[in-house]
Amino acid sequence: MKLLKNMTMNELDYLGKIWGEIPATDSTQTIAKLKKLDFFQKRINRLKVVAIILILTSLIITLSFLSNITLEVYIGVSIIIASTAIFIGYYLKNQFYTSKLDYGVESARFAHEAITMLRRQNGIFGLPFLMFILFMIAGANIMFLGMIPDSAMTPDSESVPANPLYFHIIFSVLIALSGFLGLLVRRWRIRREVNPLIEELSRFDKE
């Protein structure tokens, strides 16, 4: 009932007049579920944006303490910041928002539009996410390439420079694993939260 209270009278009126061929309980519950998903995602996205800003700010502050910032560091950080900003912008633009839905159309068209938006959101974590991870790996490696001469030393008495390849491999693997874990979580959420809604909307799309 709390979810239904969040619906405007305009939306309920349209559901009654235009979706007359569908039981009122089914239509209102579907709208309520869509609104719940929208509300939850907006709250999570705010936390993600704040976390990303804090991480990037911490990175910049940390690098500012380096005694000798090389061109590679500037290039690497620029790639990381640019790729993050582009992906986040793309991510937010293609998110599912109930405010973009037209409640004045017939049920089949409404369902089709909602399904299209949900599938577009699912597609974010395909090629776009893979490209984002690859650019992050490239940026981190270029950045670290400029840091190795100043910081990468083995812990022995002779202070022999460590093999830079080890650092590149470690950072690349860590970023790839983080991306893979993020993808697993997203796929789990899609199966649990989004796909059931798509199946439910598909019933209206066929009617």
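Each residue of the sequence shown is one higher than the one before, starting from 195 at the first, in the working numbering. Using N, Cα and C, we set each Cβ at its ideal position, and we do this for glycine too.
With a Cβ-Cβ cutoff of 8 Å, do Phe290 and Gln315 count as a contact? The answer is yes: Cβ separation under 8 Å.
How big is the Cα-Cα spacing for Ser293 and Thr224? Computed Cα separation, rounded: 15 Å.
Tell me whether Val267 is buried or exposed, calling it buried when 16 or more other Cβ atoms sit within 10 Å of its Cβ. Flag for Val267 reads buried.
Using the rule of at least 16 other Cβ atoms within 10 Å of the residue's Cβ for burial, across every protein chain shown, is Ala276 buried or exposed? Ala276 should be labelled exposed.
Quick check: the Cα distance between Thr310 and Leu371, rounded to an integer number of angstroms? Rounded to the nearest whole angstrom, the CA to CA distance from Thr310 to Leu371 is 30 Å.
Beta-carbon proximity check, Ala334 vs Ile274, cutoff 8 Å: Contact flag set, yes.
Rounded C-beta distance between Met330 and Ile369? I'm assuming under 8 Å. Contact holds; Cβ gap of about 5 Å.
With DSSP collapsed to three states, give me the class of Val299. Coil at Val299, not helix or strand.
When burial is assigned at 16 or more other CB atoms within 10 Å of the CB, is Glu393 buried or exposed? Glu393 is exposed by the Cβ-count criterion.
Residue environment, Val244, which counts as buried when at least 16 other CB atoms sit within 10 Å: Looking at its Cβ environment, which holds fewer than 16 other Cβ atoms inside 10 Å, Val244 is exposed.
Expressed to the nearest angstrom, what Euclidean distance is found between the alpha-carbon atoms of Phe233 and Leu324? Leu324 has its alpha-carbon roughly 27 Å from the corresponding atom of Phe233.
According to DSSP, is Leu260 part of a helix, a strand, or is it coil? Three-state DSSP puts Leu260 in coil, outside helix and strand.
Find out if the Cβ-Cβ distance for the pair Leu391, Leu286 is shorter than 8 Å. The answer is no: Cβ separation not under 8 Å.
For Tyr291, does the three-state DSSP call read helix, strand or coil? Of the three classes helix, strand and coil, the one that applies to Tyr291 here is coil, per DSSP.
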